[in-house]
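Under my numbering, residue 417 is the last one in the sequence shown; the count climbs by one each step, no gaps. Just so it is clear, CB atoms sit at the ideal spot from N, CA and C, and this is done for glycine as well.
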Amino acid sequence: MLVPSPWRADFPAIAALQRQAQIYLDNAATTQKPQALLDALHHYYANGAANVHRAQHLPGAHATQAFEDSRHKVAQWLNSGDSGHIVFTHGATSALNLLAYGLEPLFNPGDEIVISALEHHANLLPWQQLAQRRGLKLVVVPVDAEGLIDLAAAARLIGPRTRVLAVSQLSNVLGTWQPLAPLLALAKAQGALTVVDGAQGVVHGRHDVQALGCDFYVFSSHKLYGPDGVGVLFGRHDALAQLRHWQFGGEMVQDADYQHATFRPAPLGLEAGTPPIAAVIGLGATLDYLRALGQDAVAAHEAALHDYLLRGLQARNGIRLLGRPHVALASFVVEGIHNADLAHLLTEQGIAVRAGHHCAMPLLKGMGLAGAIRVSLALYNDSDDLERFFEALDQALELLR
Ligand SMILES: Cc1ncc(COP(=O)(O)O)c(C=O)c1O
Numbered sequence: 017m018l019v020p021s022p023w024r025a026d027f028p029a030i031a032a033l034q035r036q037a038q039i040y041l042d043n044a045a046t047t048q049k050p051q052a053l054l055d056a057l058h059h060y061y062a063n064g065a066a067n068v069h070r071a072q073h074l075p076g077a078h079a080t081q082a083f084e085d086s087r088h089k090v091a092q093w094l095n096s097g098d099s100g101h102i103v104f105t106h107g108a109t110s111a112l113n114l115l116a117y118g119l120e121p122l123f124n125p126g127d128e129i130v131i132s133a134l135e136h137h138a139n140l141l142p143w144q145q146l147a148q149r150r151g152l153k154l155v156v157v158p159v160d161a162e163g164l165i166d167l168a169a170a171a172r173l174i175g176p177r178t179r180v181l182a183v184s185q186l187s188n189v190l191g192t193w194q195p196l197a198p199l200l201a202l203a204k205a206q207g208a209l210t211v212v213d214g215a216q217g218v219v220h221g222r223h224d225v226q227a228l229g230c231d232f233y234v235f236s237s238h239k240l241y242g243p244d245g246v247g248v249l250f251g252r253h254d255a256l257a258q259l260r261h262w263q264f265g266g267e268m269v270q271d272a273d274y275q276h277a278t279f280r281p282a283p284l285g286l287e288a289g290t291p292p293i294a295a296v297i298g299l300g301a302t303l304d305y306l307r308a309l310g311q312d313a314v315a316a317h318e319a320a321l322h323d324y325l326l327r328g329l330q331a332r333n334g335i336r337l338l339g340r341p342h343v344a345l346a347s348f349v350v351e352g353i354h355n356a357d358l359a360h361l362l363t364e365q366g367i368a369v370r371a372g373h374h375c376a377m378p379l380l381k382g383m384g385l386a387g388a389i390r391v392s393l394a395l396y397n398d399s400d401d402l403e404r405f406f407e408a409l410d411q412a413l414e415l416l417r
């Protein structure tokens, strides 16, 4: 095999999917899980679940310790410098909603929020709805033909009324790394807060949030081989301090009487109610597993596999790639063929890829497309998976043409 994966056996679901004759190539949507995570979840539940940060008893102390260890591991993963920068949420979407609600009091009518034309709905709709609630202007920076946010346009559109810039690090449709450094510099020069949607970027390579220099960075555990139901909001201390508390209940309160209450600062002040304890602990175990793989080896494998995917697509007639993907995925359309028909035939042949608008409807509409097929890769995929995909694609195209 041209591109084998040395880590395939670490993911029991890959063998299970193989027994069901399924090739899983929808990894940008969610990933399969390593045995190390399954073991951590089993260990937690088999040894005594307990709530965190409240109980005096031993199971509570163990759960709290493991939970806070995970916060520390996430802080290390992002090089945030201090685990107090890490807020656990229920996913990237809930982190972005937390930001849009938490920052709301900072805005005055006429203020501007800048996003880009390629944002996932999760990094569009919370800002769009905030803009509607507060009479703000949502400014959309266009994307060029390669799939990069247009820096010249950004320089024109980011101005003195800009309060927030919120952009993706890696596009979930186009697979392009965005020019974050110059974008963030433009926003900072105007005194705006910067939000990076790292939902896809965090999965590919290690990213240092201090070096990036953003105020906030969000991601979901489930795309990074971790459990679902948990996400991360990184915020610099002074940026977190600007967030209004947005959900109220246990854990986040300092003092309460019937008419008034005071609240804890971040991170616990932004984690109302019982958090996803097992999932947070599982995310920590997943990061331990990933750290041990060696980032260079993973990056080299992903690059080789991505190259294999692009070459295979480019070798076929009538296939048009969306943008110029750098890593991880490729989205495409085929001249004269509806993506839903193609997706249907791929599904029938056991190929799990994504078809449709990829939660970025305005981007696809702007390209004049109703949808596209997306093939997205993970570290456990190999070139045999892609060969199976290409065979199925050829068969489908023959039928449809
Ligand atoms: C770029 C991007 N942002 C945000 C999200 C939302 O992630 P979640 O649904 O896990 O909250 C996704 C998920 O596909 C994504 O690709």
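8 Å contact criterion, which residue i and residue j should meet: CB distance rounded
| i | j | result |
| --- | --- | --- |
| phenylalanine 348 | alanine 388 | 6 Å |
| alanine 56 | alanine 66 | Actually they are not in contact, since the Cβ atoms of alanine 56 and alanine 66 sit about 16 Å apart, beyond 8 Å. |
| leucine 362 | alanine 346 | No, leucine 362 and alanine 346 are not in contact; Cβ-Cβ is about 14 Å, not under 8 Å. |
| leucine 325 | leucine 402 | 6 Å |
Residue i: CB within 8 Å of a non-hydrogen atom of ligand 1
| i | result |
| --- | --- |
| leucine 187 | For the sequence presented, residue 187 should be read as serine rather than leucine. Yes; taking the cut-off as 8 Å, the Cβ of serine 187 has a heavy atom of ligand 1 nearer than that. |
| valine 95 | Per the sequence presented here, residue 95 reads as asparagine, with valine not at that position. Outside the cutoff, so no. |
| serine 236 | yes |
| aspartate 213 | yes |
| lysine 89 | no |
| histidine 136 | yes |
| glutamine 216 | yes |
| alanine 344 | no |
| leucine 306 | no |
| alanine 108 | yes |
| leucine 112 | yes |
| serine 184 | yes |
| asparagine 397 | no |
| cysteine 375 | yes |
| glycine 300 | no |
| alanine 44 | yes |
| asparagine 139 | yes |
| glycine 247 | yes |
Contact test: residue i Cβ vs ligand 3 heavy atom, cutoff 8 Å
| i | result |
| --- | --- |
| asparagine 333 | This structure simply doesn't include ligand 3; it includes ligand 1 instead. |
Classification of residue i by the beta-carbon crowding that lies within 10 angstroms, buried from 16 upward
| i | result |
| --- | --- |
| alanine 356 | exposed |
| methionine 17 | exposed |
| glycine 265 | exposed |
| glutamine 275 | exposed |
| proline 50 | buried |
| alanine 31 | exposed |
| leucine 164 | buried |
| proline 20 | exposed |
Opening and closing residue of the beta strand (DSSP E) in which residue i lies
| i | result |
| --- | --- |
| threonine 363 | Not the beta strand (DSSP E): threonine 363 falls in the alpha helix (DSSP H), residues 355 to 364. |
| glycine 372 | 370 to 372 |
| arginine 179 | 178 to 184 |
| lysine 153 | 153 to 157 |
| phenylalanine 264 | Element bounds for phenylalanine 264: n/a, residue is neither H nor E. |
| glutamine 270 | 269 to 272 |
| tyrosine 233 | 232 to 236 |
| arginine 150 | Counting along the chain, arginine 150 falls outside any beta strand (DSSP E), though it belongs to the alpha helix (DSSP H) covering 141 to 150. |
| leucine 337 | 335 to 337 |
CB contact flag (residue i, residue j, <9 Å)
| i | j | result |
| --- | --- | --- |
| arginine 149 | glutamate 120 | yes |
| tyrosine 233 | glycine 207 | no |
| alanine 10 | tryptophan 143 | Lying before the first or after the last residue shown, residue 10 is absent from the chain, which here runs from 17 to 417. |
| leucine 141 | leucine 259 | no |
| arginine 70 | proline 283 | no |
| valine 189 | leucine 338 | yes |
| phenylalanine 250 | isoleucine 102 | yes |
| glycine 242 | glycine 175 | no |
| tryptophan 262 | tyrosine 117 | yes |
| glutamine 226 | glycine 100 | no |
| leucine 379 | alanine 133 | yes |
Enclosing alpha helix (DSSP H) for residue i [first to last residue]
| i | result |
| --- | --- |
| glycine 76 | 74 to 94 |
| leucine 167 | 167 to 173 |
| aspartate 254 | 253 to 256 |
| aspartate 312 | 311 to 330 |
| aspartate 400 | 399 to 416 |
| arginine 35 | 28 to 35 |
| aspartate 244 | Per DSSP, aspartate 244 belongs to no alpha helix (DSSP H) and is neither H nor E. |
Cβ of residue i within 9 Å of any chain C Cβ
| i | result |
| --- | --- |
| glycine 118 | Annotation note: the requested chain C is absent from the structure, which comprises a single protein chain. |
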